[in-house]
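Residue numbers (my numbering), protein chains in the order written: chain A, 1 to 257; chain B, 258 to 514; chain C, 515 to 818; chain D, 819 to 1122.
The C-beta atom is built at its ideal place from N, Cα and C for all residues, glycine as well.
All values reported here derive from a predicted model rather than from experimental measurement.
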Amino acid sequence: MQAIDFTIRANEALNDQNHLIKVAPADNRPLPDMLPGQFVQVQVDNSPQVFLRRPISINFVDHERNEIWLLVQQIGEGTRKICETAPGDLMNLIYPLGNSFTIPEKKGRFLLIGGGVGTAPLLFLGKELSQKQHHVDFLLGGRSEKDILQRDHFEQYGTLYCTTEDGTLGEKGFVTHHSLLQATPHDFIFTCGPKPMMVAVARYAKEKGIPCEASLENLMACGFGACLCCTEKTTRGNVCSCTEGPVFNTNTLTWLD
Amino acid sequence: MQAIDFTIRANEALNDQNHLIKVAPADNRPLPDMLPGQFVQVQVDNSPQVFLRRPISINFVDHERNEIWLLVQQIGEGTRKICETAPGDLMNLIYPLGNSFTIPEKKGRFLLIGGGVGTAPLLFLGKELSQKQHHVDFLLGGRSEKDILQRDHFEQYGTLYCTTEDGTLGEKGFVTHHSLLQATPHDFIFTCGPKPMMVAVARYAKEKGIPCEASLENLMACGFGACLCCTEKTTRGNVCSCTEGPVFNTNTLTWLD
Amino acid sequence: MARLDVKIGGLTLKNPVTTASGTFGYGTEYIDFMDLGKLGGIFVKGTTIEPRQGNDYPRMAETPSGMLNSVGLQNKGVDYFVEHLYPVIKEYDTHMMVNVSGSTVEDYVACAEKLADLEKMPAIELNISCPNVKEGGMAFGTSCRSAAEVTRAVRAVFPKTLIVKLSPNVTSVSDIAKAVEAEGADSVSLVNTFLGMAIDVESRRPMLSTVTGGLSGPCIKPIAVRMVWEVFRAVNIPIIGMGGICTWQDAIEFILAGAAAIQVGTYNFIDPAAPIKILEGINNYLDRHGFASVNDLVGQMQQI
Amino acid sequence: MARLDVKIGGLTLKNPVTTASGTFGYGTEYIDFMDLGKLGGIFVKGTTIEPRQGNDYPRMAETPSGMLNSVGLQNKGVDYFVEHLYPVIKEYDTHMMVNVSGSTVEDYVACAEKLADLEKMPAIELNISCPNVKEGGMAFGTSCRSAAEVTRAVRAVFPKTLIVKLSPNVTSVSDIAKAVEAEGADSVSLVNTFLGMAIDVESRRPMLSTVTGGLSGPCIKPIAVRMVWEVFRAVNIPIIGMGGICTWQDAIEFILAGAAAIQVGTYNFIDPAAPIKILEGINNYLDRHGFASVNDLVGQMQQI
Ligand SMILES: Cc1cc2nc3c(=O)[nH]c(=O)nc-3n(C[C@H](O)[C@H](O)[C@H](O)COP(=O)(O)OP(=O)(O)OC[C@H]3O[C@@H](n4cnc5c(N)ncnc54)[C@H](O)[C@@H]3O)c2cc1C
Ligand SMILES: Cc1cc2nc3c(=O)[nH]c(=O)nc-3n(C[C@H](O)[C@H](O)[C@H](O)COP(=O)(O)OP(=O)(O)OC[C@H]3O[C@@H](n4cnc5c(N)ncnc54)[C@H](O)[C@@H]3O)c2cc1C
Ligand SMILES: Cc1cc2nc3c(=O)[nH]c(=O)nc-3n(C[C@H](O)[C@H](O)[C@H](O)COP(=O)(O)O)c2cc1C
Ligand SMILES: Cc1cc2nc3c(=O)[nH]c(=O)nc-3n(C[C@H](O)[C@H](O)[C@H](O)COP(=O)(O)O)c2cc1C
Ligand code: FES
Ligand code: FES
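Written as structure tokens, this is what we have:
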């Protein structure tokens, strides 16, 4: 873990709510190894509404340019301020934090299901999987076409399936209703997005007997195991989702009880 | 009094500490009449350190361009943030606030003594006095040449005398040691600046029997008479310096007791 | 549009948004910023039997998300109020209520008696919680016995709506609330300021001439909401809630915790039109969530 | 360079900067961010006789310049601590002190006894002020009688440095401080968190599963400084001050008010290297102002 200043290299609005922000260590030190599913804790501005840091997933690591990508959805004051940053601004990050999705040695067929900004960690994950020669299908859901972000990037690492609530892209409806789920089951499912979606995915995986991991977005104060605020109830009791998560095998969660 | 948004039209660094900021009502409504000595209450950003507004004198009113000028010295978080604003940004002001310097009908010789950023209200004051055909002498003090701001503007409305502590401009030393004070006394003295300077000026005025008004910079919460936090002890008891001041006849103050 | 009127004892406020004593002068200071007639009520500056100069400058210091003040009840005394201020403010189309302070029970009683005679003074707020004067003030509000004593004495001479303003500087605010309810208070308002202090580290001197002062603003909101919630479950009289309210969301939070009405305090200094914006926000919220009356929201926090 | 060592009872800390219980884990969480050996001491997470799961999620909410938490003393119990954690942390080159919590006097005593046996455990901090557990905790800290009782019982079995951590949720914190001093406490630390709450207005549900929680962060600093100043004038034992400390200026403020040492709490979450920066700042301040020792600054607030 490090707590260092990054320089904003680029900040691009992908739609009215979401920004893709590329950052590099201000002192140009090389980025350490990071794992898909890990996140950073962004110090915003210490204003009353954003006193605490904000956890944001590692969307992508561009080692060539020494950049981390963050995909940020504006939902409140903190994410709004993050999205308002401009190239050249500094941003202090604590990183890399958390565990990661489990990438097995044995080749397999992976289904990565994301909803909303929950697609963020799946890009980095998809790249790592495809580099290890796994078969990767992405199934991304959103309200409308403009909510399915970074499609060209996803397509580099696997086959992209989409659902939109208004039918403007892919199949109309929710991800869990996509016809792909009726086809031959995958070997692994990784998911990130709104809790109701992840619960539905976990239920599907359980029914089909597919190992499934979900990345949780519990509220966090520290992000590195010191405050015990981010706990998730698991079969092992309350565990910190910032150190023993954010990625959990859905069988260990109490969601379906 | 109004509480309205202004647009920053220009923000110029005059030296490492002071900025001249020109603002105009965002909706372009014409500026109301304002008096020299009055001030505005700037809403900064509601961050924890700058929860309250910050009082800033009206440095100048440019009715032609519908602009108010603010001369701001960075001393803490609030003034730093004000100085960081950029053209196009919005800034909410409550204005115009406070009483004003007393401009008599009868023509007279006025000495306006300012120190540091305390020169701010004297520019507007000097202009009003000179427009009413009074004789105006400015006596401005600072640490060094670069601290005597807006000299070309002051020279439009009167004769400019300076003192600097390091002797880089005008006479070396403090304003109250300037040779001008040994010459024929003026009819009125108006002063604004650090309290020790104003006390010395008040003492000089008292000795010479010259009517003297000083503009105070008491800490303020509201700026419009609602909180009773900004009181100054006077011969009439505690009075609000935001409504019955910030300009006081120094004889009514208890400074020289 | 939902109904906004609320009852505080025998008094009906046209809506639950009022302004806090000491932060709204006599209303007059705000006429440029709003139509005062839109407010549910105005609590005017703390008034004492005798005129008071208040404490020495400096009287305020900014703190994280808040401020300390030690104004110390500067006011011209109740007689001046009755003669010079009341005739002006009684014309406002809203309820004007005086915040009554004192150092002895007799002071409170004498002050309340004079105010009881004023036709357009439907209620007083008994300030037993001012942290900024040496004797009296907060001392009354920090024990059940003395809170009860002063309430009883004032109740005996003041037949109109009696609101008692509670101090948060206590172990159990609900005990104090129960004590004043038992003596016939029609309502309790809370919270007054928290006793706090700040030191300038370079000069090593206190920021306030009185060393300690009262802390107000958003910083105290979570504690104030909790106290309102505690008192709501302890008493049967309406609660007027305050402490750091800046937005309509803050106001709704207090109402959900149990406040029948709210007061906007320190934030008036930052946005002098805040009470009106808060009122509009409450109105929209009620419509959006389908509440017929703001009263249906009082204390309606749900189980998690 | 000024002297930084401070004495807390029989214990000498190399400097006055320590970290607050529940915000610094077991120190281990911070080794990437600093050399723990530079700290004056570390107060580890609240420990109880039995293992505890803590409260349900959600356990935190952000508030203006602060946060609410209701962790509820989640810990693996004192036996686990002694067996698995102590062997690791005793190697750190700083004083490790356990924050002891409980629901009954017997719990506190049993826990303290086990910790007394540990060679490298020079002190414990008795947490009689946790607002986040149903029984015990804060209840002990809100009356002089029960605060005295638990202090007396623990004092009898714990011969090393005994620090009692006080609750700010009281009418008179100095009375409680005097009560525990009288029972032989070597030091008092204050403040623990303020009882507060927050409600999500759209869902109308509390933000914490437990409804109320403990408020910490800069928002509470002015009240905490005032309490330290009150206690400083009431007792003769050293005070460990905390509540919203983020910068060296904040730390100096507490020291001037009367704290012999300080704890950094919530701000560790925002800047995990904050304690080290604060220590450097204190050091510079002492040099700049010509103080030979940090002890010369304790309680040295000047008259205005
Ligand atoms: C491990 C992890 C990874 C994340 N990755 C990303 C990411 O890559 N991109 C991204 O845009 N966001 C991500 N998030 C969510 C992001 O942290 C929150 O949206 C952000 O903290 C909200 O801050 P805010 O100040 O904008 O909103 P706030 O003002 O704090 O909150 C606005 C509203 O959203 C609710 N809320 C805030 N945070 C959460 C949360 N975590 N879960 C549920 N409700 C919440 C609040 O209760 C409130 O109602 C991640 C969260 C976690 C824990
Ligand atoms: C009527 C009036 C007119 C003013 N006109 C101008 C102006 O034209 N230009 C300008 O630059 N400034 C002016 N000031 C001063 C200005 O308001 C303060 O410098 C500003 O509020 C400081 O805010 P800050 O957040 O930068 O500093 P803070 O962080 O609030 O304070 C930094 C330090 O300065 C001290 N301080 C802050 N304000 C004052 C004050 N008013 N008096 C003494 N000490 C103080 C604080 O105690 C602290 O030690 C005026 C003040 C008043 C009352
Ligand atoms: C400058 C100032 C003066 C105050 N004067 C009084 C007063 O005279 N009487 C009183 O009961 N409360 C007084 N208060 C307390 C407020 O009425 C209110 O209870 C408190 O500020 C909390 O609300 P807030 O956080 O919204 O300001 C004063 C508060 C401030 C900030
Ligand atoms: C998440 C969290 C957990 C805490 N756990 C404990 C605890 O176990 N025991 C204890 O005595 N205090 C606990 N505290 C209180 C802190 O030690 C400290 O007293 C308080 O937070 C005030 O200091 P601060 O404002 O610097 O955080 C906890 C505080 C926080 C924020
Ligand atoms: S966020 Fe602090 S322990 Fe997980
Ligand atoms: S600043 Fe509020 S009355 Fe003057």
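Contact criterion: CB-CB distance below 7 Å. Does residue i meet it with respect to chain B?
i: Asn641(C); result: no
i: Arg573(C); result: yes
i: Glu627(C); result: no
Quick check on residue i - is its C-beta less than 7 Å from some C-beta in chain D?
i: Cys644(C); result: no
i: Ala226(A); result: yes
i: Leu122(A); result: no
i: Met815(C); result: yes
i: Glu633(C); result: no
i: Gln567(C); result: no
i: Thr656(C); result: yes
i: Glu767(C); result: yes
i: Pro736(C); result: yes
i: Ile818(C); result: yes
Under 6 Å from any heavy atom of ligand 6, does the C-beta of residue i make it?
i: Met721(C); result: no
Would you say residue i faces chain C, with C-beta separation under 7 Å as the test?
i: Val1043(D); result: yes
i: Asn356(B); result: no
i: Ala478(B); result: yes
i: Gln1067(D); result: yes
i: Ile1055(D); result: no
i: Val1116(D); result: no
i: Thr989(D); result: yes
i: Met258(B); result: yes
i: Asn333(B); result: Checking the sequence, you will find Gly at residue 333(B) rather than Asn. Chain C, which has no Cβ nearer than 7 Å to the Cβ of Gly333(B), makes this no.
Per the DSSP calculation, residue i is bridged to which residue(s)?
i: Arg870(D); result: Asn893(D)
i: Lys517(B); result: Since the displayed chain B opens at 258 and closes at 514, residue 517(B) lies outside it and no answer follows.
i: Ser947(D); result: According to DSSP, which records beta bridges pairwise, Ser947(D) is partnered with nothing at all.
i: Ala798(C); result: Sequence inspection shows Asn at residue 798(C); the Ala mentioned does not correspond to that position. None; Asn798(C) has no bridge partner.
i: Lys521(C); result: Thr526(C)
i: Gly399(B); result: Thr421(B)
i: Gln41(A); result: Pro55(A), Ile94(A)
Relative to ligand 3, is the shortest distance from any of its heavy atoms to the C-beta of residue i smaller than 6 Å?
i: Tyr779(C); result: Inspection of the sequence shows that residue 779(C) is occupied by Gly rather than by Tyr. Yes, the Cβ of Gly779(C) comes within 6 Å of a heavy atom of ligand 3.
i: Ile766(C); result: no
i: Ile796(C); result: no
i: Val456(B); result: no
Less than 6 Å between the CB of residue i and some heavy atom of ligand 4, yes or no?
i: Ser921(D); result: no
i: Ile1063(D); result: yes
i: Thr841(D); result: yes
For chain G, check one thing: does any of its Cβ atoms lie closer than 7 Å to the Cβ of residue i?
i: Phe1087(D); result: Of the chains in the structure shown, none is chain G; the protein chains are A, B, C and D.
Under 7 Å, Cβ to Cβ, is there at least one residue of chain A near residue i?
i: Ser1034(D); result: no
i: Pro1090(D); result: yes
Could you please tell me which residues of the segment 1001 to 1030 of chain D, in chain order, have their CB closer than 7 Å to any CB of chain C?
Phe1012, Leu1013, Gly1014, Met1015, Ala1016, Ile1017, Val1019, Arg1022, Arg1023, Pro1024, Ser1027, Thr1030
Considering only heavy atoms of ligand 5, list every residue whose Cβ is less than 6 Å from one of them, following chain order.
That query returns the following residues: Met220(A), Ala221(A), Cys222(A), Gly223(A), Gly225(A), Ala226(A), Cys227(A), Leu228(A), Cys229(A), Cys230(A), Cys240(A), Cys242(A).
Listed from N- to C-terminal order along the chain, which residues in the segment 544 to 564 of chain C have their beta-carbon within a distance smaller than 8 Å of any beta-carbon of chain B?
Tyr544, Asp546, Phe547, Lys559
Could you name the residues whose beta carbon sits closer than 5 Å to any heavy atom belonging to ligand 2, keeping them in chain order?
Phe296(B), Arg311(B), Pro312(B), Ile313(B), Ser314(B), Val329(B), Gln330(B), Ile332(B), Gly333(B), Glu334(B), Gly335(B), Thr336(B), Val374(B), Ala377(B), Glu474(B), Pro503(B)
Beta carbons nearer than 7 Å to chain A: which residues of the segment 882 to 913 of chain D have them?
Of all residues in the segment 882 to 913 of chain D, Pro882, Ser883, Gly884, Met885, Asn887, Val889, Gln892 have a Cβ within less than 7 Å of some Cβ in chain A.
Relative to chain D, which residues along the segment 768 to 780 of chain C have a C-beta separation below 7 Å, given in chain order?
Leu770, Ala771
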